[in-house]
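Below is one structure; the comments refer to it alone.
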Amino acid sequence: MMRPATGERSFSALKLSKTYLRSTMSESRLNGLAMMHMIHIRNLTGYTAPYQFLQQLTWIAFHHSSLVRKIDTVRAYHFGTHFLVEIDVLLPDDLRLCEAVNVGIGLEQKIEALPDVERAFVHLNYEPTNVADQPNTTNEEQDGQSAAAISRRHHKVV
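For the sequence shown, the positions run 1 to 158 when UniProt numbering is used.
This is the structure:
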């Protein structure tokens, strides 16, 4: 019969693992593994893509078709080891539906052909969306927000 894991058993298993790892690995190797895990955790939690990559996506989207009037929004988040990309494109309001769909599908395929992109979503609009409703954060702002959240968690008044 299997028993559910209790907090004490889980903690003791972690302690045994830590003792084993320390006895078999050097301190620098353990630090390297910890840094590698932190990077992977950050990427798995949807960290924003670098600014240069966002610029590249914007350039590709704008120059994809002469029908593209404006690029409203470009977002790219880590999605495992690659990126999930969202692009809002403004097209003329008198454009036929079949032409608009062809522009959108072609741009999606072009973006998904990039080696760092897992999936792309292209949203087609004829007027700009309200940007004030959609906060856009950089990696530095995300780091600051994460640090503040961790700080609040550790200094919680009970």
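Even for Gly, the Cβ is constructed at its ideal location relative to N, Cα and C.
C-alpha gap between residue i and residue j, whole angstroms
i: residue 20; j: residue 32; result: 17 Å
i: residue 119; j: residue 23; result: 43 Å
i: residue 100; j: residue 91; result: 7 Å
i: residue 68; j: residue 109; result: 16 Å
i: residue 93; j: residue 106; result: 19 Å
i: residue 46; j: residue 27; result: 30 Å
i: residue 97; j: residue 104; result: 11 Å
Own chain, CB closer than 6 Å to residue i, minus 5 neighbours either side, in chain order
i: residue 74; result: 54, 57, 58, 87
DSSP beta-bridge partners of residue i
i: residue 161; result: The chain is shown from 1 up to 158; residue 161 falls before or after that span and cannot be answered.
Alpha helix (DSSP H) segment containing residue i, residue limits
i: residue 101; result: 97-112
DSSP-derived helix/strand/coil call for residue i
i: residue 69; result: coil
i: residue 159; result: Lying before the first or after the last residue shown, residue 159 is absent from the chain, which here runs from 1 to 158.
i: residue 63; result: coil
i: residue 153; result: Note that residue 153 scores a pLDDT of 40, beneath 50, so its modelled location is shaky and nothing firm can be said.
8 Å Cβ shell around residue i - same chain, five flanking residues per side excluded
i: residue 128; result: 70, 72, 90
i: residue 125; result: 72, 88, 89, 90, 91
Segment limits, beta strand (DSSP E) that includes residue i
i: residue 91; result: Here residue 91 belongs to no beta strand (DSSP E), and DSSP marks it neither H nor E.
i: residue 127; result: Residue 127 -> no beta strand (DSSP E), and no H or E assigned at all.
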